[in-house]
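Q: Here's a structure for you.
In our numbering, the protein residues as written are -17 to 177.
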């Protein structure tokens, strides 16, 4: 009888140990380089919404949800929280290369406090050339996001080019209707702050 109880106890320990390990998402951070085509009208119009979790653009129909983390129009970012959305997103820009950022800070995140007071300001991350109507991302700037659902992601803007609606480059005097951003993103899906 004691031998049977001992075997049963060992089996239960193995069962609970394996269950514990299964509950931990040990998947590595997902890194993607994406083209993100956004509205190129600096005076207004729709934003284009992006989700770190899916690494895709989110339909405007979901703009009142926490399915998106940030959105862009021309060179303007908004984040999904406070004045811009129902989520819990926040952002900060650090002077570190993308690959050098290995964890997200616990504090220091900014929000869109009002429609005119955005968390991300243009001078924080790019230089603009009015002749070519192009943006030059400032080297060594990495955006660190707390996402709309409270996870963490980082983003680097690699380029921003003026295009037509199909994403084809345009040059002056042709006015762009879109801005094609090439972005590199990393999303930590297991809820930790480590990249």
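Note that beta-carbon positions come from the ideal geometry of N, C-alpha and C, so glycine has one too.
Pick out whichever of 59, 177, 140 has its Cα sitting closest to the Cα of residue 99.
A: The residue you call residue 99 lines up with position 117 of the chain shown. For residue 99, the nearest C-alpha among the options comes from 59.
Q: Here's a check: name, in chain order, each residue in its chain whose Cβ is nearer than 7 Å to the Cβ of residue 95, leaving out the five neighbours to either side.
A: Sequence index remark: in the chain shown, residue 95 carries index 113 (1-based). Counting only Cβ-Cβ distances below 7 Å, and skipping sequence neighbours, we find 64, 65.
Q: Among the residues of its own chain, which have a CB less than 8 Å from the CB of residue 90, if the five just before and after it don't count?
A: For this step, residue 90 is matched to residue 108 along the chain shown. Taken in chain order, the residues that qualify are 74.
Q: For residue 34, which option in 62, 121, 25 has the closest C-alpha, if you only look at C-alpha atoms?
A: Mapped onto the chain shown, residue 34 falls at position 52. That would be 62, whose Cα lies nearest to the Cα of residue 34.
Q: Please classify residue 176: is it buried, with 16 or more other beta-carbons within 10 angstroms of its beta-carbon, or exposed?
A: Along the chain shown, read from residue 1 onward, the residue named residue 176 stands at position 194. Residue 176 is exposed by the Cβ-count criterion.
Q: Report back the beta-carbon spacing between residue 158 and residue 26 to the nearest angstrom; my notes put them in contact at under 8 Å.
A: Residue 158 sits at position 176 when you count from the first residue of the chain shown. Residue 26 sits at position 44 when you count from the first residue of the chain shown. With 8 Å as the limit, residue 158 and residue 26 do not qualify as a contact, their Cβ atoms being about 15 Å apart.
Q: Tell me which residue opens and which closes the beta strand (DSSP E) that residue 157 is part of.
A: Taking the chain shown and counting its residues from 1, the one referred to as residue 157 is at position 175. Premise fails: residue 157 is in no beta strand (DSSP E) and is neither H nor E.
Q: Decide yes or no for the touch test of the region 110 to 124 against the region 29 to 48: beta carbon pairs closer than 8 Å, at least 3 of them.
A: The region 110 to 124 is not in contact with the region 29 to 48.
Q: Can you tell me the Cβ-Cβ gap for residue 28 and residue 18, rounded? I've got them flagged as a contact below 8 Å.
A: The residue you call residue 28 lines up with position 46 of the chain shown. The residue you call residue 18 lines up with position 36 of the chain shown. Between residue 18 and residue 28 the Cβ distance is about 14 Å, and since that is not below 8 Å, they are no contact.
Q: Please report the distance separating the alpha-carbon of residue 163 from that of residue 140.
A: Walking along the chain shown from the start, residue 163 turns up at place 181. Walking along the chain shown from the start, residue 140 turns up at place 158. Rounded to the nearest angstrom, the two C-alpha atoms are 7 Å apart.
Q: Measuring alpha carbon to alpha carbon, tell me which of 83, 76, 127 ends up nearest residue 106.
A: Residue numbering aside, residue 106 sits at position 124 when the chain shown is read from its first letter. Ranking 83, 76, 127 by Cα distance to residue 106 puts 76 first.
Q: Would you decide whether residue 86 is buried or exposed? Buried here means 16 or more other CB atoms lie within 10 Å of its CB.
A: Position 104 of the chain shown, counting from 1, holds the residue named residue 86. Per the 10 Å Cβ criterion, buried.
Q: Between 92, 172, 53, 151, which lies nearest to residue 126 when the distance is taken from Cα to Cα?
A: On the chain shown, residue 126 is found 144 positions in, with the first residue counted as 1. Measuring from the Cα of residue 126, the nearest candidate turns out to be 92.
Q: Under three-state DSSP, which class holds residue 7?
A: Counting from 1 along the chain shown, the entry for residue 7 is found at position 25. Low confidence applies to residue 7: its pLDDT is 49, below 50, so where it sits in the model is not reliable, and the reading given next is rough at best. Residue state, collapsed to three classes: coil.
Q: Less than 9 Å separating the beta-carbons of residue 69 and residue 129?
A: Working through the chain shown from its first residue, we reach residue 69 at position 87. Working through the chain shown from its first residue, we reach residue 129 at position 147. Their beta carbons are under 9 Å apart, which means residue 69 touches residue 129 by this criterion.
Q: Classify residue 72: buried if its beta carbon has 16 or more other beta carbons within 10 angstroms, exposed otherwise.
A: Reading the chain shown from its first residue, position 90 is the one you call residue 72. Its Cβ being crowded by 16 or more others within 10 Å, residue 72 is buried.
Q: Residue 160 and residue 144: beta carbons closer than 9 Å?
A: Counting from 1 along the chain shown, the entry for residue 160 is found at position 178. Counting from 1 along the chain shown, the entry for residue 144 is found at position 162. A contact, by the Cβ cut-off of 9 Å.
Q: Residue 147 by DSSP, collapsed to three states: which one?
A: By 1-based counting over the chain shown, the position of residue 147 is 165. Three-state DSSP puts residue 147 in coil, outside helix and strand.
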